[in-house]
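In this note's numbering, the protein residues as written are 47 to 604. Using N, Cα and C, we set each Cβ at its ideal position, and we do this for glycine too. Quick caveat: nothing in here was measured; it's all calculated off a predicted structure.
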Ligand SMILES: C[S@@+](CC[C@H](N)C(=O)[O-])C[C@H]1O[C@@H](n2cnc3c(N)ncnc32)[C@H](O)[C@@H]1O
Ligand code: SF4
Ligand code: SF4
């Protein structure tokens, strides 16, 4: 990224993709200038952008607005981003979150979706800025999110507050933090006002010179506060309001960190004066994200950023550490040493763990009689029976996103991360088994998962109903131990399944399973699996710590 900026070339994808899903909003906050009536991208167009970003290697999706919850398809978009392994940070005013919508959010894995609720003061101040009654509605939305996650048995989701620090809330800002802490928010992002030429005082929210001494003391206190997540810009804040902040005291990364799509599909960025619409450089309806990222039009815009003379404190675009020689050298050393460490790890002999590690690629079975499969088909334009009699249709519906798996799949990226961690710890299982409660061949990234599991076990076992066993699986599965358990319900396919099963040397039935064995569930939890179905105990979360670390606490098969 540093080199990208230095030579103004796109050497890496953006850190995140931002999309204004809409510019409509149910509120009209004093300081906000972003809402107006504008054409919007369709659900299909947005899902396509998410797909492009995921295949390109973008890691973070940032849906913005307007108010994202005014779109009724918001949850579909979020669920899709999660399935494509993007980490989503959703910013919302929270007032439209009903219990039903919170339940749909709770179906999205907590490690894939993080939420920021905008709260700009205690009740009277917040309502003064955002409208009467909005504070209670936002807090109610927050509590519904927490309750829905608890009902779904989810671990705690990262739900933070975005709180602008302004002249009307400075006196109560520490009390606001105490309130938010008591509510159990995960952290607070302190935002700083920007203003337009039309309203330089931002409805009385802008700090006046007489406020500045107390602002200085407050910023010092906030920089030490455990709930505050973004401390780096705080020392600059008093000078920002004193209008004594030099241009680009911290170098700006607008145009290198973020690809920002407006509601109508135009791609926009800061024009050097915080007017994003004036920085339009193309449209996603005319070019792919990658083409836009490499376009001469964006290069020209980036030149403006590099020489931007506007005193600015847009924390999202500041990357002070990127211009520190020590940070760059440390980062470079870490980047160079990682492949070396991986090579050394591969060269050293691994310890073989006698036993099986099961990976649950999904918990949805391809069995039309199973309640989860029936629930899945409740929104399908094609009935469940018709689909199971024509399995290609099932995959087609999955890929066209008519079937919302919602609860998701164990991402190929997570499997690769588990493999790398085990390699580094020099652990290899005798058998890695792609099975548990769901049908592994339903996984949309099966080839990538297949690639990754080779490094986890000496032997790969696949237990499948056989219904989705297709020609392109044959070459992969030939080297595996394959068990075919069905499909009893699709008579017309018995012959096809039998032929394909024979070509991969599959056995009929189910393998005997260890009575107690470790299994990684679709949402990344290492569990102690008892028998074939019961979930006895969660041992840890591989998205938070390496499997090998969890493993070292695990008493079996060591
Ligand atoms: C434009 S809103 C869109 C999302 C959603 N409607 C909300 O209010 O959270 C995104 C963020 O921008 C912040 N924001 C709006 N106007 C601002 C301003 N003049 N200065 C700084 N932040 C602002 C909001 O507080 C919110 O956290
Ligand atoms: S809720 Fe968000 S988008 Fe709507 S007016 Fe307020 S800050 Fe702007
Ligand atoms: S420093 Fe601020 S005004 Fe200048 S380009 Fe970056 S975001 Fe825009």
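Cutoff 7 Å; reference residue i; Cβ partners in own chain excluding five residues on either side
i	result
residue 380	Low confidence applies here, because residue 380 scores a pLDDT of 48, under 50, leaving its location unreliable; read the following figure in that light. Answer for residue 380: no residue qualifies.
residue 111	66, 67, 68, 69, 71
residue 532	511, 512, 513
residue 462	498
Residue i, enclosing beta strand (DSSP E) - first and last residue
i	result
residue 306	304–307
residue 542	First-last for residue 542: 540–549, but that is the alpha helix (DSSP H), not the beta strand (DSSP E).
residue 267	Careful: residue 267 lies outside any beta strand (DSSP E), inside the alpha helix (DSSP H) at 258–270.
residue 207	205–211
residue 505	503–510
residue 233	First-last for residue 233: undefined, no H or E at that position.
residue 399	397–405
residue 163	159–164
residue 476	473–480
residue 133	133–138
Classification of residue i by the beta-carbon crowding that lies within 10 angstroms, buried from 16 upward
i	result
residue 219	buried
residue 517	exposed
residue 90	exposed
residue 124	buried
residue 569	buried
residue 157	buried
residue 197	exposed
residue 555	exposed
residue 332	exposed
residue 410	buried
residue 541	exposed
residue 591	exposed
residue 172	buried
residue 278	exposed
residue 479	buried
residue 493	exposed
residue 524	exposed
Residue of the options minimising C-alpha distance to residue i
i	options	result
residue 320	243, 259, 414	243
residue 214	174, 246, 88	174
residue 59	80, 104, 78, 79	104
residue 350	441, 317, 359	317
residue 343	329, 354, 356	329
residue 434	355, 512, 480	512
residue 439	192, 488, 406	488
residue 187	336, 99, 164	164
residue 148	129, 167, 130, 118	118
residue 237	162, 495, 227	162
residue 548	515, 567, 357	515
residue 336	170, 96, 431	96
residue 563	550, 253, 584, 264	584
residue 241	430, 185, 356, 473	356
residue 567	257, 523, 456, 430	456
residue 574	183, 302, 485, 599	599
residue 459	101, 270, 202	101
residue 217	200, 191, 170	170
Cutoff 6 Å; reference residue i; Cβ partners in own chain excluding five residues on either side
i	result
residue 212	239, 251
residue 557	529
residue 597	none
residue 586	572, 596
residue 82	69
residue 160	135, 204
residue 465	498, 501, 502
residue 107	63, 127, 132, 134
residue 482	404, 406, 565
residue 300	315, 316, 351, 363
Enclosing alpha helix (DSSP H) for residue i [first to last residue]
i	result
residue 359	That residue, residue 359, is in no alpha helix (DSSP H); it is neither H nor E in DSSP.
residue 101	89–102
residue 189	180–197
residue 568	Careful: residue 568 lies outside any alpha helix (DSSP H) and carries neither H nor E.
residue 465	458–470
residue 286	283–287
residue 493	492–499
residue 527	Careful: residue 527 lies outside any alpha helix (DSSP H), inside the beta strand (DSSP E) at 527–530.
Neighbourhood of residue i by C-beta distance below 8 Å, restricted to the same chain and skipping five residues each side
i	result
residue 476	398, 399, 400, 401, 402, 503, 504, 505
residue 326	308, 312, 313, 314
residue 116	68, 70, 71, 72, 142
residue 206	160, 161, 162, 163, 231, 232, 233, 234, 235, 275
residue 289	357
residue 246	252
Below-8 Å beta-carbon distance, residue i vs any chain B residue
i	result
residue 422	Of the protein chains in the structure, only one exists, and it is not chain B.
Any non-hydrogen atom of ligand 5 closer than 7 Å to residue i Cβ
i	result
residue 433	With respect to small molecules bound, the structure shown includes ligand 1, ligand 2 and ligand 3 and not ligand 5.
Anything with a beta carbon under 7 Å from a heavy atom of ligand 2 counts; list them all in chain order. My final list is 71, 73, 74, 75, 78, 80, 81, 111, 112, 113, 139, 164, 176.
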